[in-house]
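Just so we're aligned: 101 in UniProt numbering is position 101 of the sequence shown, and the numbers increase by one with no gaps anywhere.
Glycine included, C-beta positions come from ideal geometry on N, C-alpha and C.
The structure presented is a predicted model; accordingly, all values stated were derived computationally and were not measured.
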Amino acid sequence: MGLVSQEPALFATTIKENILFGKEDAIMEEVVAAAKASNAQNFICQLPQGYDTQVGKRGVQMLGAQKQRIAIASAIIKAPQILFLDEATNALDFELERVVQEALDKAVVGRTTIITAHCFSTIHNADIIVVVQNG
Numbered sequence: 001m002g003l004v005s006q007e008p009a010l011f012a013t014t015i016k017e018n019i020l021f022g023k024e025d026a027i028m029e030e031v032v033a034a035a036k037a038s039n040a041q042n043f044i045c046q047l048p049q050g051y052d053t054q055v056g057k058r059g060v061q062m063l064g065a066q067k068q069r070i071a072i073a074s075a076i077i078k079a080p081q082i083l084f085l086d087e088a089t090n091a092l093d094f095e096l097e098r099v100v101q102e103a104l105d106k107a108v109v110g111r112t113t114i115i116t117a118h119c120f121s122t123i124h125n126a127d128i129i130v131v132v133q134n135g
């Protein structure tokens, strides 16, 4: 099972190592493919140290949308049968939500996905929507 939460906790290591937490024995081509699928490749390549950039404790060196895309890449590289998205775009502004949502739309293809969300834009492509009201 893969998980992408509202506030992903990255480890105080490199972007590459954080992605590899999804699949430790992955080769670099798989890391890059996961980054591309999560819309992270462009910003990673613009960093001076690229995939070797340190993210800092809990990802403090990264912006919110960057952390989300690294977490999505880690979930994608794992290739889980079930993907759980827990308010994965809730803390983002409209433009960043769109970028992350595009990555999530790619990540859910071919797998069972469970999404918790307050915003319709996050679940607009769902096959089944369950609404919880009053607790």
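Reference residue i, options the options, closest by Cα
i: Lys57; options: His118, Thr113, Ala9; result: Ala9
i: Ile15; options: Gly50, Gln46, Gly2; result: Gly50
i: Ile19; options: Ile70, Val100, Arg111; result: Ile70
i: Asp52; options: Ile76, Thr13, Glu24; result: Thr13
i: Ala34; options: Gln54, Val108, Thr89, Pro48; result: Val108
CA-to-CA distance, residue j to residue i, given in whole angstroms
i: Gly64; j: Asn39; result: 14 Å
i: Lys78; j: His118; result: 26 Å
i: Ala37; j: Leu104; result: 9 Å
i: Asn42; j: Ala126; result: 28 Å
i: Gln101; j: Gln46; result: 21 Å
i: Thr113; j: Ile82; result: 6 Å
i: Ser5; j: Glu17; result: 18 Å
i: Val130; j: Asp86; result: 14 Å
Exposed unless 16 or more other CB atoms sit within 10 angstroms - verdict on residue i
i: Ile128; result: exposed
i: Ser121; result: exposed
i: Met28; result: exposed
i: Glu97; result: buried
i: Gly2; result: buried
i: Gly22; result: buried
i: Gln68; result: buried
i: Gln66; result: buried
In DSSP terms, what residue i is bridged to
i: Gln54; result: Thr14
CB contact check: residue i to chain B, cutoff 8 Å
i: Val32; result: Protein chain content of the structure displayed is limited to a single chain, and chain B is not contained in it.
Closer than 7 Å: residue i CB and nearest the ligand PLP heavy atom
i: Asn125; result: This structure does not include the ligand PLP; it has no bound ligands of any sort.
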